[in-house]
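Residue numbers (the numbering used here), protein chains in the order written: chain D, 5 to 268; chain C, 5 to 268. Before any comments, here is the structure.
This is the structure:
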């Protein structure tokens with residue numbers, strides 16, 4: 005059978021997850037909702053993040069998707085525990101995969117890089133700590149990574165300097181795994197690799213999430229799926245950023261008025 | 005008589021304007037509205053900026069202020085031309101003062117630094133160019149200045165590098181005036197001063213705006229005015245940023261639910 009997967013993100017960061025999902029599930033159709041009129045989520049309060057996420061996820065549910073992937077760690081960490089009970093369609097967050105990655109592969113310590121709201125939720129520290137209490141776990145809020153990624157500066161000298169500043173004072177020798185706890189952060193991987201010791205692995209939970217979703221959905225018809233994009237702000241600027249993220253979206257992006265989400 | 009001035013901004017950038025207004029008009033009362041649940045405005049589309057600004061300005065009007073200062077260049081450049089006719093209370097934008105600063109003081113050329121939306125409006129180029137056609141006028145969109153300012157990194161090595169990158173390829177010898185076309189940008193003045201030739205002036209239109217508002221309002225009772233803050237997202241994080249911007253707000257910040265603005 006054919007399947008439609010709804011992918012929800014605050015903006016363009018979730019495209020890194022969508023690209024992993026498409027590679028693993030070329031047969032599936034996708035609806036990607038980017039709330040670009042209200043991005044970023046990661047620096048806002050829990051109440052605001054929950055409300056924005058609720059509106060987006062309910063909209064995808066109404067669109068008739070079979071499954072919603074919350075491709076935003078902030079929304080997954082802060083809003084999913086509240087919203088999971090409110091929504092009828094199955095929801096998959098991205099936090100669990102990062103936690104499993106750490107639990108399965110870390111040897112000494114895990115350094116979680118995420119947004120301030122994700123860190124404030126304490127979800128990584130608690131979930132990883134519960135299953136691997138002997139691991140050193142430290143979290144660093146890196147709010148500037150998001151605008152750097154959106155500016156296309158993830159592989160620049162500026163990114164290197166920002167990475168170094170956020171890692172200042174962290175005893176890197178305690179860690180063998182850096183977990184990318186925000187879907188924007190894979191775009192800064194080149195800078196992170198330059199700034200971290202070579203024996204520290206940088207892990208993007210995206211592939212593991214794609215694997216899990218594939219298992220949940222089971223076999224599908226052999227066909228080439230399509231992707232439809234909906235964004236709450238400018239169609240053009242989204243298509244431009246998606247383009248240089250290797251996800252050509254031009255001609256497939258529709259504007260979704262915010263009033264549809266807020267119910268004005 | 006006593007006067008209440010409404011100050012509207014997308015977030016904390018307008019606090020640089022509020023501080024100028026308070027210094028010039030210590031007798032006035034202020035209501036500062038920061039739309040922190042939807043900041044930043046400067047990277048969004050004109051339609052979205054107009055809608056958000058409309059909601060904020062109408063709310064201030066309903067609150068009974070005598071005058072609204074739009075302390076955000078993006079909203080002033082993009083939304084004011086549309087909204088001025090819709091609102092009964094007098095509105096003052098911040099663009100006019102930057103234009104006058106350039107028209108009055110530039111000798112060779114003006115380099116305008118602003119958000120992408122302000123630059124796209126072409127308002128500085130057209131207004132300055134019309135009155136001083138012999139001036140060289142160039143505009144540079146600096147979207148990363150906003151998150152840098154909000155992170156408190158305006159006076160760091162990172163800010164220096166970002167400034168240098170945005171100014172790459174600009175022939176600085178053509179310019180004697182750099183106009184700060186965004187109310188966040190005064191927070192990056194230290195970095196700008198370090199990166200620009202010493203004979204280039206860096207101008208913040210804030211003091212000129214304050215002077216203009218004082219003239220509009222006329223004499224006031226000798227008293228000490230008060231400031232009330234309203235924000236659409238977290239009260240605590242606004243108070244914290246306001247604090248290190250030299251504008252102690254703690255205990256004077258109220259949360260304004262976004263639904264009051266959107267009319268849900």
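Heads up, the beta-carbon is just placed ideally off N, CA and C, and yes, glycines get one too. These numbers come from a predicted model, not from an experiment.
How far does the beta strand (DSSP E) with residue i in it reach, from first residue to last?
i	result
residue 79/D	Where residue 79/D is concerned, there is no enclosing beta strand (DSSP E), although the alpha helix (DSSP H) it sits in stretches over 77–82.
residue 143/D	140–145
residue 233/C	231–235
residue 72/C	71–74
residue 117/D	113–118
Report the option in the options whose CA atom is closest to the CA atom of residue i.
i	options	result
residue 32/C	40/C, 22/C and 38/C	22/C
residue 234/D	7/D, 119/D, 39/D and 244/D	39/D
residue 242/C	7/C, 41/C and 6/C	41/C
residue 161/D	117/D, 194/D, 223/D and 173/D	194/D
residue 188/C	8/C, 6/C, 7/C and 13/C	13/C
residue 201/C	225/C, 247/C, 176/C and 232/C	176/C
residue 49/D	76/C, 57/C, 259/C and 238/C	238/C
residue 255/D	232/D, 8/D and 77/D	232/D
residue 85/C	125/C, 110/C and 59/C	125/C
residue 19/C	266/C, 262/C, 252/C and 159/C	252/C
residue 54/D	133/D, 46/D and 82/D	82/D
residue 6/D	260/D, 222/D and 185/D	222/D
residue 203/D	110/D, 245/D, 75/D and 165/D	110/D
residue 164/D	57/D, 198/D, 153/D and 67/D	198/D
Consult DSSP for residue i and reduce its assignment to one of helix, strand or coil.
i	result
residue 123/C	helix
residue 100/D	helix
residue 179/D	coil
residue 254/D	coil
residue 9/C	strand
residue 174/D	coil
residue 92/D	coil
residue 33/C	strand
residue 107/C	helix
residue 205/C	strand
residue 191/C	helix
residue 15/D	coil
residue 184/C	strand
residue 210/C	helix
residue 133/C	helix
residue 247/C	helix
For residue i, collect the residues of the same chain with a Cβ closer than 6 Å to its Cβ; drop the 5 residues on either side in sequence, then sort them by chain order.
i	result
residue 10/D	35, 64, 69 and 72
residue 258/C	234
residue 230/C	33
residue 140/D	113 and 178
residue 94/C	71
Among the residues of its own chain, which have a CB less than 7 Å from the CB of residue i, if the five just before and after it don't count?
i	result
residue 105/D	183, 207, 209 and 212
residue 196/D	167, 182 and 206
residue 135/C	107
residue 228/D	30
residue 249/D	16 and 19
residue 120/C	46, 47, 145 and 147
residue 185/D	77, 102, 116, 117, 118, 122 and 128
residue 156/D	248
What do you get for residue i, buried or exposed, if any count of 16 or more other CB atoms within 10 angstroms of its CB means buried?
i	result
residue 220/C	exposed
residue 87/D	buried
residue 173/D	exposed
residue 225/C	exposed
residue 97/D	buried
residue 43/C	buried
residue 78/D	buried
residue 247/D	exposed
residue 1/D	Residue 1/D lies beyond the range of chain D shown here (5 to 268); nothing can be said about it.
residue 154/D	buried
residue 158/C	buried
What residue range is occupied by the uninterrupted alpha helix (DSSP H) comprising residue i?
i	result
residue 60/C	50–66
residue 265/D	262–266
residue 226/D	Segment: none, residue 226/D is in no alpha helix (DSSP H) and carries neither H nor E.
residue 150/D	149–154
Among the residues of its own chain, which have a CB less than 8 Å from the CB of residue i, if the five just before and after it don't count?
i	result
residue 28/D	211, 214, 215, 217 and 218
residue 91/C	61, 62, 65 and 72
residue 151/D	44
If you measure from the CB of residue i, is any heavy atom of the ligand COA nearer than 7 Å?
i	result
residue 159/C	For the structure depicted, the ligand COA is absent and the ligand set is empty, with no information on it obtainable.
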